[in-house]
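Chemist:
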Amino acid sequence: MMRLLSVAACLLLISGWLTADDNSPAADGPPAMGDTVADFELPVLDGETVKLSELAKDGPVVVVVLRGFPGKQCPLCRAQAIGFGTSAKKFADAGAKVLMIYPGGVDDLTAKAKQFLGGQTVPDGFTLALDPGYTFTSAWNLRWDDENETAYPSTFIIGEDMTVQWAKVSMSHGGRSNPGEVLNALKGKE
3 MMRLLSVAAC
13 LLLISGWLTA
23 DDNSPAADGP
33 PAMGDTVADF
43 ELPVLDGETV
53 KLSELAKDGP
63 VVVVVLRGFP
73 GKQCPLCRAQ
83 AIGFGTSAKK
93 FADAGAKVLM
103 IYPGGVDDLT
113 AKAKQFLGGQ
123 TVPDGFTLAL
133 DPGYTFTSAW
143 NLRWDDENET
153 AYPSTFIIGE
163 DMTVQWAKVS
173 MSHGGRSNPG
183 EVLNALKGKE
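Per my numbering: the sequence shown = residues 3 to 192.
(1) I want to know whether the region 124–141 touches the region 89–104 - three or more CB-CB distances under 8 Å.
(2) DSSP puts Thr165 in a beta bridge; with which residues?
(3) Where do the N-terminal and C-terminal ends of the alpha helix (DSSP H) with Val184 fall, by residue?
(4) Going by C-alpha distance, which of Ser179, Ala169, Gln167 and Glu151 is nearest Gln75?
(5) Below 6 Å CB to CB, which residues in the same chain sit around Gly70 once its five sequence neighbours on both sides are set aside?
(6) Where does Ser174 land, buried or exposed, given buried means 16+ other C-beta within 10 angstroms?
(7) How about the region 165–172 and the region 32–40: do they share at least three Cβ pairs that are nearer than 8 Å?
(8) Out of Phe138, Trp142 and Pro77, point me to the one whose CA is closest to Val108's CA.
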């Protein structure tokens with residue numbers, strides 16, 4: 003009986019190994035380096051939409067997931083966005099576009115995102131997309147589902163082939179990416 007159970011367990015392990023898709027994101031975690039991500043389309047502030055595959059067709063896309071509005075504007079997200087914005091020319095020189103995603107509930111998300119910008123304009127090569135209802139955030143397993151939380155601050159570099167070339171996910175408010183490390187990753191130095 004033990005031998006039969008051992009054989010059955012081995013067959014189950016082998017069948018799971020043979021059918022596993024090594025390039026898909028883990029069902030219980032965010033996308034990791036080497037994963038192929040599904041395309042998505044999100045609204046932007048002007049009422050249009052942005053599609054990841056359209057941005058990625060000409061080069062890498064840096065996807066920066068902000069915390070949105072968990073009852074107040076996140077000062078760390080604001081500082082991160084300003085840091086990336088001041089490096090806009092360096093990202094353009096590296097051939098990358100930057101997609102910042104502002105998640106939140108459906109009500110007043112556009113107004114909250116405009117408030118987040120604080121009257122600043124989004125630099126050329128950058129897009130600020132909205133994630134109403136946390137659809138994207140949940141699909142990428144980045145939803146920080148706790149009181150006064152929205153999403154884990156995260157940054158990904160997505161290649162033209164829709165694979166994750168670099169990833170950093172912070173499970174706290176700090177520990178998020180900075181422009182220098184992302185630019186180094188784009189240049190292959192990290």
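All residues carry an ideal CB built from backbone N, CA and C; glycine is no exception.
Modeler: For this structure:
(1) Taking 8 Å as the limit for Cβ pairs, the verdict is that the region 89–104 does touch the region 124–141.
(2) Your numbering for residue 165 matches position 163 in the sequence shown. Here Thr165 is bridged, per DSSP, to Thr38.
(3) Against the sequence shown, residue 184 aligns to sequence position 182. Segment Pro181 to Leu188, the alpha helix (DSSP H) holding Val184.
(4) On the sequence shown, residue 75 is found 73 positions in, with the first residue counted as 1. Out of Ser179, Ala169, Gln167 and Glu151, Glu151 has the C-alpha closest to the C-alpha of Gln75.
(5) Against the sequence shown, residue 70 aligns to sequence position 68. Correct list, in chain order: Tyr104, Pro105, Gly106 and Thr152.
(6) Taking the sequence shown and counting its residues from 1, the one referred to as residue 174 is at position 172. Under this definition Ser174 is an exposed residue.
(7) Taking 8 Å as the limit for Cβ pairs, the verdict is that the region 32–40 does touch the region 165–172.
(8) Position 106 of the sequence shown, counting from 1, holds the residue named residue 108. Answer by Cα proximity: Phe138.
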